[in-house]
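Chains as they are written, first to last, in the working numbering: chain X, 5 to 276; chain V, 107 to 873; chain A, 58 to 213. Glycine included, every Cβ here is placed at the ideal spot set by N, Cα and C. In this text, all values refer to a predicted model and were calculated from it rather than measured experimentally. In what follows, a single structure is set out as C-alpha cells and then discussed.
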Amino acid sequence: MIPAPFTYQRASSVDEAIDLAAEAGEDAKFLAGGHSLMPLMKLRLAVPDTLVDIGRIGELSYVSERDGHVAIGALATHDEIARSGVLAATVPLLADAAGRIGDPQVRHCGTIGGSLAHADPAADLPAVMLALDATLVARGPSGTREIAAGDFFLGLFETVLAPGELLTEIRIPRPASAGWSFQKFSKRGIDWAIVGVAVQGGNVGLVNMGSTPLRATATERELAAGSGPGDAAVHAAEGTSPSDDLNAPRAYREHLARVLVRRALQEAASRA
Amino acid sequence: MSILGTRVVRTEDPRLLTEGGTYVDDLRVPELAQAARVTFVRSPVAHARITGIDTSAAKEAAGVVAVLTVADMDDLPPPPPDSGLTGTEGAPLPLGGPWSEPLLAVDKVRFVGEPVAIVITDDKYGGEDAAELVSVDYEPLGAVVGFDGALAGESLLFPPAGSNVAVSTGTPSDSAAFDACDVVVERTITNQRLAPVPLEGRAVAARWADGKLTVWVSTQNAQIARFVLAGALGLDPAGIRVVAPDVGGGFGAKVGIDRDALIVGWAAKHTGRALRWAETRSENMLGMTHGRAQRHTVKIGGTRDGRILAYRLEIVQDTGAYPRMGGFLPFLTCLMASGAYDIGHVETAYQVVVTNATPISAYRGAGRPEATAAIERAVDLFAAEIGLDPGEVRRINLVPADKFPFTTPCGATYDTGDYVGALDQVLAGAGYAELRAEQARRRERGDVLQLGIGLSSYVEITAADADGGETARLVVHDDGTATVYTGSSAHGQGHHTAWAMLVEAELGIPMDKVTVIHGDTDLIPAGVGTYASRSLQLGGVAVQKAAVEVKDHARKLAADMLEASEADLELDVGRGVWQVRGDPAASRTWAQVAAHAGDTGLTADVNYTEGKPTFPFGTHLAVTEVDTETGQARLIRHVTVDDAGTVLNPVLAEGQRHGGIAQGVAQALLEEMVYDAEGNPVTGTLVDYAIVTAAELPSFELLSSETPATINPLGAKGIGEAGTIGATPATQNSVVDAVSHLGIRHIEMPLTPARVWAAISEAREGR
Amino acid sequence: MKVTVTVNDGEVAAEVADRTLLVHFLRDVAGLTATNVGCDTSSCGACTVLLDGRSVKSCTVLAAQADGRAVTTVEGLNDGSGELHPVQRAFRAEHGLQCGFCTPGMVMASVSLLAENAAPTEDEVRTALEGNLCRCTGYHNIVRAVLAAASEGQRQ
Numbered sequence: 005m006i007p008a009p010f011t012y013q014r015a016s017s018v019d020e021a022i023d024l025a026a027e028a029g030e031d032a033k034f035l036a037g038g039h040s041l042m043p044l045m046k047l048r049l050a051v052p053d054t055l056v057d058i059g060r061i062g063e064l065s066y067v068s069e070r071d072g073h074v075a076i077g078a079l080a081t082h083d084e085i086a087r088s089g090v091l092a093a094t095v096p097l098l099a100d101a102a103g104r105i106g107d108p109q110v111r112h113c114g115t116i117g118g119s120l121a122h123a124d125p126a127a128d129l130p131a132v133m134l135a136l137d138a139t140l141v142a143r144g145p146s147g148t149r150e151i152a153a154g155d156f157f158l159g160l161f162e163t164v165l166a167p168g169e170l171l172t173e174i175r176i177p178r179p180a181s182a183g184w185s186f187q188k189f190s191k192r193g194i195d196w197a198i199v200g201v202a203v204q205g206g207n208v209g210l211v212n213m214g215s216t217p218l219r220a221t222a223t224e225r226e227l228a229a230g231s232g233p234g235d236a237a238v239h240a241a242e243g244t245s246p247s248d249d250l251n252a253p254r255a256y257r258e259h260l261a262r263v264l265v266r267r268a269l270q271e272a273a274s275r276a
Numbered sequence: 107m108s109i110l111g112t113r114v115v116r117t118e119d120p121r122l123l124t125e126g127g128t129y130v131d132d133l134r135v136p137e138l139a140q141a142a143r144v145t146f147v148r149s150p151v152a153h154a155r156i157t158g159i160d161t162s163a164a165k166e167a168a169g170v171v172a173v174l175t176v177a178d179m180d181d182l183p184p185p186p187p188d189s190g191l192t193g194t195e196g197a198p199l200p201l202g203g204p205w206s207e208p209l210l211a212v213d214k215v216r217f218v219g220e221p222v223a224i225v226i227t228d229d230k231y232g233g234e235d236a237a238e239l240v241s242v243d244y245e246p247l248g249a250v251v252g253f254d255g256a257l258a259g260e261s262l263l264f265p266p267a268g269s270n271v272a273v274s275t276g277t278p279s280d281s282a283a284f285d286a287c288d289v290v291v292e293r294t295i296t297n298q299r300l301a302p303v304p305l306e307g308r309a310v311a312a313r314w315a316d317g318k319l320t321v322w323v324s325t326q327n328a329q330i331a332r333f334v335l336a337g338a339l340g341l342d343p344a345g346i347r348v349v350a351p352d353v354g355g356g357f358g359a360k361v362g363i364d365r366d367a368l369i370v371g372w373a374a375k376h377t378g379r380a381l382r383w384a385e386t387r388s389e390n391m392l393g394m395t396h397g398r399a400q401r402h403t404v405k406i407g408g409t410r411d412g413r414i415l416a417y418r419l420e421i422v423q424d425t426g427a428y429p430r431m432g433g434f435l436p437f438l439t440c441l442m443a444s445g446a447y448d449i450g451h452v453e454t455a456y457q458v459v460v461t462n463a464t465p466i467s468a469y470r471g472a473g474r475p476e477a478t479a480a481i482e483r484a485v486d487l488f489a490a491e492i493g494l495d496p497g498e499v500r501r502i503n504l505v506p507a508d509k510f511p512f513t514t515p516c517g518a519t520y521d522t523g524d525y526v527g528a529l530d531q532v533l534a535g536a537g538y539a540e541l542r543a544e545q546a547r548r549r550e551r552g553d554v555l556q557l558g559i560g561l562s563s564y565v566e567i568t569a570a571d572a573d574g575g576e577t578a579r580l581v582v583h584d585d586g587t588a589t590v591y592t593g594s595s596a597h598g599q600g601h602h603t604a605w606a607m608l609v610e611a612e613l614g615i616p617m618d619k620v621t622v623i624h625g626d627t628d629l630i631p632a633g634v635g636t637y638a639s640r641s642l643q644l645g646g647v648a649v650q651k652a653a654v655e656v657k658d659h660a661r662k663l664a665a666d667m668l669e670a671s672e673a674d675l676e677l678d679v680g681r682g683v684w685q686v687r688g689d690p691a692a693s694r695t696w697a698q699v700a701a702h703a704g705d706t707g708l709t710a711d712v713n714y715t716e717g718k719p720t721f722p723f724g725t726h727l728a729v730t731e732v733d734t735e736t737g738q739a740r741l742i743r744h745v746t747v748d749d750a751g752t753v754l755n756p757v758l759a760e761g762q763r764h765g766g767i768a769q770g771v772a773q774a775l776l777e778e779m780v781y782d783a784e785g786n787p788v789t790g791t792l793v794d795y796a797i798v799t800a801a802e803l804p805s806f807e808l809l810s811s812e813t814p815a816t817i818n819p820l821g822a823k824g825i826g827e828a829g830t831i832g833a834t835p836a837t838q839n840s841v842v843d844a845v846s847h848l849g850i851r852h853i854e855m856p857l858t859p860a861r862v863w864a865a866i867s868e869a870r871e872g873r
Numbered sequence: 058m059k060v061t062v063t064v065n066d067g068e069v070a071a072e073v074a075d076r077t078l079l080v081h082f083l084r085d086v087a088g089l090t091a092t093n094v095g096c097d098t099s100s101c102g103a104c105t106v107l108l109d110g111r112s113v114k115s116c117t118v119l120a121a122q123a124d125g126r127a128v129t130t131v132e133g134l135n136d137g138s139g140e141l142h143p144v145q146r147a148f149r150a151e152h153g154l155q156c157g158f159c160t161p162g163m164v165m166a167s168v169s170l171l172a173e174n175a176a177p178t179e180d181e182v183r184t185a186l187e188g189n190l191c192r193c194t195g196y197h198n199i200v201r202a203v204l205a206a207a208s209e210g211q212r213q
C-alpha cells in the first residue's frame with residue numbers, strides 16, 4: 005500500500021530533469037502522471053530510490069499542428085488528448101483510444117509519454133503509435149534523438165530509452181487515409197484490453213498479443229494485395245505470441261484478434 | 107396516515123454526505139491519541155511448516171515498538187477442550203479438536219495470507235518497511251487445492267484428523283425414485299468461491315487500560331464480538347467494551363470479530379499500548395473470509411410433461427484452511443434445496459473439505475444462494491431436456507398459493523407466499539412473450555448478437571436464528587425527544603431511519619426527535635446484531651413493542667396528570683400529544699409525561715424472542731445479449747419481484763434489492779477467487795478480481811409485491827439477501843439461454859467471455 | 058519535504074515524508090477523514106478528490122505532486138452556508154448511499170463529471186463512474202442521483 009522510501013525531486017525544465025536523473029543514477033525514475041508508476045511502487049514491485057517529478061514542465065504539454073504532422077507534448081494527459089479538437093479532426097484514432105483508457109480519474113493524470121515509456125503490452129497507446137507510424141522524440145544526457153514507434157518497444161515493460169532519457173514529443177504523420185477504428189475488448193469497461201486493435205488506413209496495430217505492441221503484418225500484406233477485411237483478418241494472429249492468462253487462453257486471444265481486426269477494418273472502411 | 111409504508115429519505119445521510127462516516131480508521135478519540143500501528147506479517151505460501159522466524163532485524167528498525175509472534179502469546183487461556191462438534195449441528199460453530207485454528211500461526215501455515223507475526227510501529231508508513239524485515243523460513247508441504255485435491259487426500263492439512271473431509275452427512279441415493287421418472291438429468295455445477303469485498307476492509311483499534319479492554323471494530327455484531335474476545339483472550343466479558351463505529355459494508359464477512367482483530371486485541375493487552383490496524387485491500391482479498399465455494403452434483407427427474415418428481419443435491423463445500431462454520435453453510439443449502447417447488451422426493455448430502463485457501467464464511471445469502479443456483483439450473487436443464495418453456499416448467503411445479511404454510515421434504519416450513527403470482531407478475535412486467543419473439547427473430551436471422559432470457563424463482567430463509575431474538579430499549583426524555591438503543595447493527599441498511607419511523611408511527615414523536623444508537627456494548631449489553639436479514643422482523647418488531655410498552659406506561663402517567671381515566675385518554679399520534687377525548691384543552695406533551703415519570707423514567711426494555719424464521723420469495727428475469735463471435739455477455743435488463751412481506755420503507759427495501767441484484771449478477775458474470783496449483787491466489791487484487799461497476803449494469807426494474815408474514819405485527823420478512831439469491835441463477839440461465847439454440851445446455855460461472863466462447867466453439871465443432 | 062496544499066480553500070502546510078500519498082496528507086495532516094482508502098491498486102475510487110477542479114484518485118498521487126495546488130474534498134463541497142451541494146442533495150433524495158464508505162469519492166467523481174458534461178445520458182453517467190466501486194447500492198440510485206443533479210443544474 006505504501007511505496008518504499010525514496011527521495012523526491014522536482015524539475016521545472018527538461019534539462020533540469022535530465023540533470024537530476026543523471027545525478028541520482030540508475031535507480032531514479034521520472035514521475036509524470038504517476039498512473040503507471042505509482043501503482044507499481046505501492047505494491048513495491050518498483051522501488052526507485054529517487055523520483056524526478058516532471059509533471060510541472062509546462063512546455064511538454066501541447067497538441068500542435070505542424071507541417072505534415074501533429075506534435076503532441078509527452079506530458080499531454082489522456083484527457084487532454086481525448087478532448088483535443090485538433091486530434092479529433094486530424095488523428096481521431098488517437099483521441100478515441102485515449103478517451104477509453106481506464107476511467108476519468110486515470111485520464112486526468114496519466115500522460116501519453118508516461119504510458120509509452122512504461123511499455124505495458126496491454127496498454128492501448130503503444131499499439132496506436134504503431135498503427136500511426138508515429139515518431140517518438142527522446143532527450144537524455146547524450147542529446148536528442150527520434151525513434152520510430154516500430155523500433156521503440158523492445159519487450160515487456162522495456163523500451164529503447166536509456167536510463168535518464170525521457171520522451172519529450174510524439175509526432176504523428178497526418179494519416180493518408182481517413183479510415184480508422186479502435187476496437188478494445190475487455191471484461192469490464194475499466195479493464196486492460198484482453199485484445200485490442202488499432203487501425204489507421206492499412207496499418208493494423210495489436211494490443212496484448214505479445215510482449216510488445218505488434219503490427220498484424222500478415223493482415224497488412226493481404227490488404228495491400230487488395231484483400232477485403234474478412235479475408236485479411238483471417239491472418240490477424242500470425243506472427244503474434246499472446247499469453248495464456250486468467251482472462252483468456254492463447255487460442256481465444258488469437259480468435260479475438262481475428263474477429264476484432266475484421267470489425268476494425270470494416271469500421272475503418274466505412275469511414276474512409 | 108401512518109408513516110409506515112411511505113417513502114422516507116434517510117436520517118443517516120446528511121452526516122455521511124458532508125463530514126463522511128466515522129469508520130474505525132477515522133476515529134480520532136482521545137483514547138487512541140497515542141495508538142501505535144499494527145502491520146501483519148503473513149504467509150506467502152499456501153501450505154508449509156514454519157521452521158524459523160527471525161525478528162531481530164525488524165526489532166532494531168527505527169520506530170518499531172514491538173515484533174510479536176506466537177512465542178509471545180504465553181498469556182492466552184489454553185485452547186478449549188474438543189467440544190466434540192461434528193459440524194452437522196446446524197449451527198455456525200468452528201470445529202475444534204484436530205481442526206482448531208490458532209491466532210498467530212504456530213508451527214504451520216495453511217493459506218496464503220495466514221498471520222504469522224505482527225510488527226507494531228509508531229507510525230503507519232514504517233509498518234510495511236519493518237514487516238519486510240521479518241524473516242520467516244518455510245518448509246513447503248503439498249498444497250491442497252480444489253474439491254478434488256481435498257478429497258484425494260494426498261496431502262492433509264490436519265494429519266491427526268486423518269483426512270481433509272471435516273464433515274460428512276446426508277441421505278443415500280434412492281435409485282427407485284429416479285427410475286420412476288421419464289426423464290432424468292444429472293450435472294455437476296460449481297458455485298464458485300467469491301470474495302465479499304466490502305469497500306471498507308477489516309479494521310480494529312484496541313486499548314487496554316485500568317483492567318478493561320476497549321475494542322473499536324468494523325463489525326456487524328458488537329455483542330457477539332465481545333463474547334468471542336472474552337473467550338479468546340480469557341477475559342470476563344464485563345471487562346470488555348466493544349464499539350462498532352460506522353461500518354463500511356459487511357455482507358456477512360464482518361460477523362462477530364475476526365482472527366486478525368483478535369490478535370490486535372491481544373496485543374493491545376500484552377503491550378499495554380493502544381493499537382490500531384486497518385488492512386490493505388490486498389490483505390483483505392486473502393485475509394477476510396470468502397464465500398460460496400460449493401460444488402453441486404444435481405440430479406433432477408420428472409415426467410415429459412414437466413412435473414418434477416425427484417431431486418438430489420450433493421454438495422462438496424470447500425471451507426478453506428479452517429472449518430470456521432462447521433457444516434452450517436451446506437446445512438442451510440440442504441434446508442432450502444427444493445427451492446420454491448413442490449417436489450415429492452428430495453435427497454441431500456454434503457461434505458465439508460479443507461483446502462489451502464482462505465477460510466470460508468457467510469457472504470450475502472450464506473448457503474441459500476447456492477441452493478437456489480443449483481435448483482434453478484437444474485430446472486432449466488430439465489426444461490431443456492423435455493423441450494418445454496422454462497417459465498412453464500416453473501409454473502407447473504411452484505408451490506401453489508393455497509398450500510401455505512408448506513413443509514418441504516427438506517424440513518423447512520415456508521410461512522406465506524404466492525410463488526406463481528410472482529412468476530406471472532415478472533413475466534408480464536418483462537414482456538416475456540415479446541422477448542421470446544425477439545429472440546426468435548434474431549435466431550432466424552443468425553444475428554451475431556443473440557438474446558437470452560433467464561428466470562429464477564426463489565424462496566429463502568431469513569431470521570434463521572429467530573430464537574436468538576433481538577433487543578430494543580426505548581427512552582422518552584423530559585424534553586420530548588426519544589432514544590432507541592437497538593441490538594441490531596446497521597452497516598448501510600438504514601435502521602436509524604426505519605426505527606425512528608416506527609417510533610413516530612406508534613408515539614407521534616417526530617423522526618427528527620428520535621436518536622437511534624447501536625453497536626456499543628456499554629450502552630447495549632444484550633443484542634444479536636445484523637445478519638441473516640433478521641433486523642426488521644426481529645429488531646424492528648422489538649422497537650415497536652417497546653414503543654407500545656412506553657405508550658401503555660405513558661397512558662397511565664397522563665391519566666394521572668390529567669385526573670382522567672385511562673379509558674378517556676387518547677394519543678393524537680399526528681400531533682404527538684396525549685389528551686382527554688373531547689376536551690382538547692386537557693392535554694399533555696411527551697415532554698411533560700416523561701418528566702412526570704420521575705426517577706424510573708419513561709422507558710421500555712424489550713427482548714423479542716417470539717419471532718420465527720420467515721421465507722421471502724420472488725422471481726427474477728434477466729435479459730442478456732451475447733456476442734456470439736466473442737462470447738461477451740451483457741446484462742441489458744433485470745426485472746424482479748422480491749416479496750419480503752409488508753414494506754416499511756420502500757426506499758430502503760429497493761436499495762437492498764438493488765445492491766443484492768448487483769452482487770448476484772456479478773457472481774454470474776464476473777467474479778471468482780482463483781488459486782493456482784500451488785495454492786497461490788491469482789485474483790488477489792481488485793485489478794484481477796472483477797467487481798462489477800456501474801458500466802456493466804443496467805438500471806433494474808423492480809416490481810412490487812407484498813405477501814405479509816403472519817408471525818410478527820409488522821408483517822415483515824427479510825429483504826437484505828433476497829436480491830442476491832434471485833439474481834445469480836437468472837443471469838446464468840439467461841446467458842445459457844442465449845446460446846441454447848447451438849445445443850449448449852450449461853456454462854459454468856462466472857460466465858466470462860472466454861468461458862462463453864469456449865462453449866460456443868465446442869458446440870460449433872460438435873456439429 | 059515541505060508540502061503546502063490549498064484544501065477546501067484553506068492552506069494546509071506540513072513537513073511530510075516524500076512518499077506521503079495525497080490521501081494520507083488529507084486524512085492525517087489536514088484532518089479530513091471523509092475521503093477513504095478502499096484498495097491498493099487504484100481500482101476503487103473511494104479516495105477520489107478534485108485536484109485543480111478535476112477528479113483524481115488521491116491514493117495514486119503524491120502529496121508532493123499536489124504541492125502548491127488546490128484540492129477539494131467532499132467536506133469542502135458546500136459553501137459553508139449549511140446548504141447541501143446539489144449533488145449531495147440528490148444523493149440523499151435518491152438514496153444513492155448505504156454504508157457511505159464509497160460516497161465521498163463517488164460524490165466528487167460525480168461533481169467532476171457534471172463539470173465536464175452538464176447533461177449526461179444514463180450511459181455516460183455509468184461509464185464516467187466506472188472508476189468508482191460501490192458494493193452496497195448496485196449503482197441504480199447513484200445513477201439516478203447524478204441525473205437528478207444534472208437536471209437540477211440544467212434548470213438553473
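Query                                                                                                                                : Result
Complete runs of the alpha helix (DSSP H) confined to the region 387 to 470 of chain V [at least 4 residues]                         : 387 to 393 and 434 to 441
Cα-Cα separation between leucine 900 of chain V and histidine 396 of chain V, rounded to whole angstroms                             : What is shown of chain V runs 107 to 873, which leaves residue 900 of chain V out entirely.
Amino acids of chain X, ordered along the chain, whose beta-carbon sits closer than 8 angstroms to that of glycine 188 of chain A    : Gly106, Asp107, Pro108, Gln109, Val110 and Ile194
Cβ pair glutamate 827 of chain V, arginine 474 of chain V closer than 8 angstroms                                                    : yes
Methionine 133 of chain X vs alanine 153 of chain X beta-carbon contact at 8 angstroms                                               : yes
Three-state secondary structure (DSSP) of glutamate 84 of chain X                                                                    : helix
Proximal chain A residues relative to lysine 33 of chain X, where beta-carbon distance stays under 9 angstroms                       : The premise fails here: lysine 33 of chain X is roughly 13 angstroms from chain A at the closest Cβ pair, so nothing lies under 9 angstroms.
Interface residues of the region 849 to 863 of chain V facing chain X [CB-CB below 8 angstroms]                                      : Thr858, Pro859, Ala860 and Trp863
Threonine 130 of chain A versus arginine 116 of chain V - alpha carbon distance                                                      : 22 angstroms
Test: alanine 801 of chain V CB closer than 8 angstroms to a CB of chain X                                                           : yes
Interface flag, aspartate 228 of chain V vs chain X, CB-CB below 8 angstroms                                                         : no
Straight-line Cα distance separating arginine 149 of chain A from alanine 801 of chain V                                             : 22 angstroms
Beta carbon proximity, methionine 58 of chain A to chain X, threshold 8 angstroms                                                    : yes
Residues bridged to proline 221 of chain V (per DSSP)                                                                                : V:Arg148
Chain-ordered chain X contacts of valine 113 of chain A [CB-CB under 7 angstroms]                                                    : Gln109, His112 and Cys113
Amino acids of chain V, ordered along the chain, whose beta-carbon sits closer than 8 angstroms to that of asparagine 207 of chain X : By Cβ distance, chain V contributes nothing, its closest Cβ being about 23 angstroms from asparagine 207 of chain X, past 8 angstroms.
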